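Sequential numbering of the sequence shown, starting at 147, is according to the numbering used here.
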Amino acid sequence: PARYLPDFEKSRQFLQEFVAYFSEQLTERAQLAPRAAPPGQRSSASAPATASTPAATKVAVEFLGPNPKLKDAFFVQEPLLGRGSLQYGTPPKELPKVGETIEVYRANNDRRSPQYRWNPPPPPSAPKPGPRRR
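And the structure:
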C-alpha cells in the first residue's frame with residue numbers, strides 16, 4: 147500500500163476509483179473536437195511529419211535543377227508540396243532535364259521541406275542483440 151493509504155483494501159479501493167474516473171474522462175475527451183493552439187504556437191495538426199504518402203514511397207516529382215549549395219543535391223517538386231531536396235541514393239549517369247517529371251522515393255514526410263532519394267532505401271537492419279538484462 148501507498149504511504150498515505152493505510153492498508154491493502156484502501157489502496158485497492160482508491161485504484162478502482164481512479165481507473166473508473168480515468169476511463170470516464172478518457173471516453174469523454176476522445177469525443178471532443180481538438181482544441182486550437184494558442185496564437186504563436188503550432189498545433190499538432192500542422193506538424194511537418196504528416197503526409198498522405200509514407201516515407202520510402204515512390205512518387206513523381208518535377209526536376210528543377212541542381213542545388214548550388216550542396217554537392218550532388220537537386221531541387222525537385224512534388225505536386226501540392228513545396229520545393230524539396232533530392233540528395234540521397236545514387237543519381238543516374240545522365241541527369242534528367244529541368245522540367246522533366248521523374249520518379250524518386252520519399253526520404254521523409256515533412257510537407258514543408260520534403261526530401262527524396264534516387265533509389266529505394268536499404269531495408270532496416272535486424273536489431274543487434276544487446277546484453278541480457280535481469
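Every residue, glycine too, gets a C-beta built ideally from N, C-alpha and C.
Here the structure is a predicted model, which means the values were calculated and not measured.
query = Ala219 by DSSP, collapsed to three states: which one?
reply = Counting from one through the sequence shown, the residue named residue 219 turns up at place 73. Residue state, collapsed to three classes: coil.
message = Assuming Phe209 and Glu246 are in contact, meaning their beta carbons sit under 8 Å apart, how far apart are those beta carbons, in whole angstroms?
response = Along the sequence shown, one-based indexing puts residue 209 at 63. Along the sequence shown, one-based indexing puts residue 246 at 100. Phe209 to Glu246, Cβ: 5 Å. Contact.
message = Does Tyr150 pass the burial test, meaning 16 or more other C-beta atoms within 10 Å, or should it be called exposed?
response = Within the sequence shown, residue 150 is the residue found at index 4, counting from 1. With fewer than 16 Cβ atoms within 10 Å of its Cβ, Tyr150 is classed as exposed.
task = Assuming Ala272 and Tyr262 form a contact by the criterion Cβ under 8 Å, report the distance between their Cβ atoms to the nearest whole angstrom.
result = Reading the sequence shown from its first residue, position 126 is the one you call residue 272. Reading the sequence shown from its first residue, position 116 is the one you call residue 262. So it is not a contact: roughly 26 Å between Cβ atoms.
Closest Cα partner of Leu227 within the set Ala206, Lys239, Asp218 = Locating residue 227 in the sequence shown gives position 81, where the first residue counts as 1. Residue nearest to Leu227 within the set Ala206, Lys239, Asp218 is Ala206 (criterion: CA-CA distance).
key: Contact set for Pro237: own chain, Cβ-Cβ below 7 Å, skip 5 residues either direction   = As a working note, residue 237 is residue 91 in the sequence shown. Around Pro237: Asp218, Trp264.
ask   = Does the beta-carbon of Pro269 have 16 or more other beta-carbons within 10 angstroms, so that it is buried, or is it exposed?
value = Walking along the sequence shown from the start, residue 269 turns up at place 123. The residue is exposed, with fewer than 16 neighbouring Cβ atoms inside 10 Å.
request  = Report yes if the C-beta distance between Pro260 and Ala202 is below 8 Å; otherwise report no.
outcome  = The count along the sequence shown starts at 1 and reaches residue 260 at position 114. The count along the sequence shown starts at 1 and reaches residue 202 at position 56. Not closer than 8 Å, so no.
inquiry  = When you compare the CB positions of Lys204 and Tyr167, do they come within less than 8 Å of one another, or not?
reply    = One-based indexing of the sequence shown puts residue 204 at position 58. One-based indexing of the sequence shown puts residue 167 at position 21. The answer is no: Cβ separation not under 8 Å.
request  = To the nearest angstrom, report how far apart Ser231 and Val222 are at their CA atoms.
outcome  = The residue labelled residue 231 in the question sits at position 85 within the sequence shown. The residue labelled residue 222 in the question sits at position 76 within the sequence shown. Between Ser231 and Val222, the C-alpha separation is close to 6 Å.
inquiry  = Please state the DSSP three-state secondary structure of Ala197.
reply    = For the purposes of this step, residue 197 is taken as residue 51 along the sequence shown, with counting starting at 1. Because the pLDDT at Ala197 is just 44, under 50, the model does not fix this residue reliably, and the value given afterwards should be weighed accordingly. Ala197 carries a coil assignment under DSSP once its states are collapsed to helix, strand and coil.
query = So what does DSSP say about Val250, is it helix, strand or coil?
reply = In the sequence shown, the residue the question calls residue 250 occupies position 104. Val250 falls in the strand class under three-state DSSP.
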